[in-house]
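The sequence shown: position 2 = 2 (the numbering used here), numbered continuously.
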Amino acid sequence: MRVGLLITHIRAEEKLLIEAFRNEGADLDIILDRDLMFNLNEGAEQLAPSGIAWSEYDVIFERCVSTSRGMYALAILNQWGVRTMNSFQTASICGDKLQTSLALASANVPQPETRVGFSENSAMEAIEDVNYPAVLKPVTGSWGRLLARVNDRDSAEAIIEHRQTLGNYTHHTYYVQEYVDKPGRDIRAFVVGNNTICAIYRSSPHWITNTAKGGQASNCPVTHELNDICVRAANAVGGGILAIDLLEDENGNLLVNEINHTMEFRNSSAPTGVDIAREVVRFALYGEEVMPA
């Protein structure tokens, strides 16, 4: 099979994916997003930067660091009938926290209480509606950047003023969630198709537990309950290859926090014992899935 791996540069995950694709015998081309130039008046018969027509690829596997580059490339390729992993539909929902929350709510998937406001006054109303402390997030972004735990009205007013004055238009959409007092950890689960192949706990004394912020990874058993909520969440946003971030509330109930369509997994194969790159690649090539242990 001919595969195009669309990337910004080669990180740890891309190295693992390249090795996995080659181990499966795929005819792999590495395509750098900075080299992309699409003629929108033509279709998939035009040449990719690799010199091969886009129509000749069995799948384009998108791993761009830039959300906008990846998103627009997927939109174009899907419009031309080129199979991508993930699809533009899935990526466009996962790349926007507001759209993700809408999709989860529509599918009745448990998530934290969430409010959205578009002005300073409605942002304050949203924060006080979920009560203090509240979590204020940008609607786009990753790696735990620009998250703010708002503990009282004074801090809320200061953060809103800063975003209103200094932020771009995306920061003027105020996405507010209740603060979930999790047990010093959250869960990142990896969904491939219709199965949760593995999961990790991300533990930290800080309230932000992302591994990008220093959270420590350890194996999280994939229970029937965890698999069920993760697969439902994945299907709600269009399915594919996804990382589901979940919180445990004080009663042990699982809540879906975010969904990632270009997931990082470098710290997760070792503690789980699952070769994530291999399972992801086999699904992209053949539609095969591994059942949780």
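We treat Cβ as the ideally placed atom computed from N, Cα and C, and that holds for glycine. Values in this document were obtained by computation on a predicted structure and should not be read as measured data.
- When the beta-carbon positions are compared, M71 and A53 stay at least 8 Å from each other.
- Between the alpha carbons of R185 and Y201 lies a distance of about 6 Å.
- In the DSSP assignment, T114 falls within the beta strand (DSSP E) that extends over 114–117.
- When T165, M124, Y175, V130 are compared, the shortest CA-CA separation from S155 is found for M124.
- In the DSSP assignment, G70 falls within the unbroken alpha helix (DSSP H) covering 67–79.
- For Y175, the enclosing beta strand (DSSP E) stretches over residues 174–178.
- Here A234 is not bridged, per DSSP, to any residue.
- In terms of Cα proximity to M85, the closest of P133, I18, L5, A217 is L5.
- C94 is not bridged by DSSP to any residue.
- Residues of the same chain with a CB within less than 6 Å of the CB of G117, apart from the 5 flanking positions on each side, are A123, A126, Y174 in chain order.
- A contact is defined here as three or more CB-CB pairs under 8 Å, and the segment 62–69 meets this definition with respect to the segment 6–19.
- Shortest Cα-Cα distance from P138 to any of D129, A148, N131 involves A148.
- Residue pairing by DSSP puts N195 in a beta bridge opposite V192.
- The secondary-structure analysis by DSSP pairs F21 with nothing; it has no beta-bridge partner.
- Counted as a single uninterrupted DSSP element, the stretch harbouring F283 is not any beta strand (DSSP E) but the alpha helix (DSSP H) occupying residues 276–286.
- DSSP lists I60 as the beta-bridge partner residues of T84.
- With distances taken between CA atoms, A105 lies nearest to V237 out of L16, W207, L247, V237.
- In the structure shown, Q216 falls within a strand segment according to DSSP collapsed to helix, strand and coil.
- When only Cα atoms are considered, Q89 and S204 end up about 33 Å apart.
- Considered as a whole, the segment 112–171 harbours 120–130, 153–166 as its complete alpha helix (DSSP H) runs of no fewer than 4 residues, in chain order.
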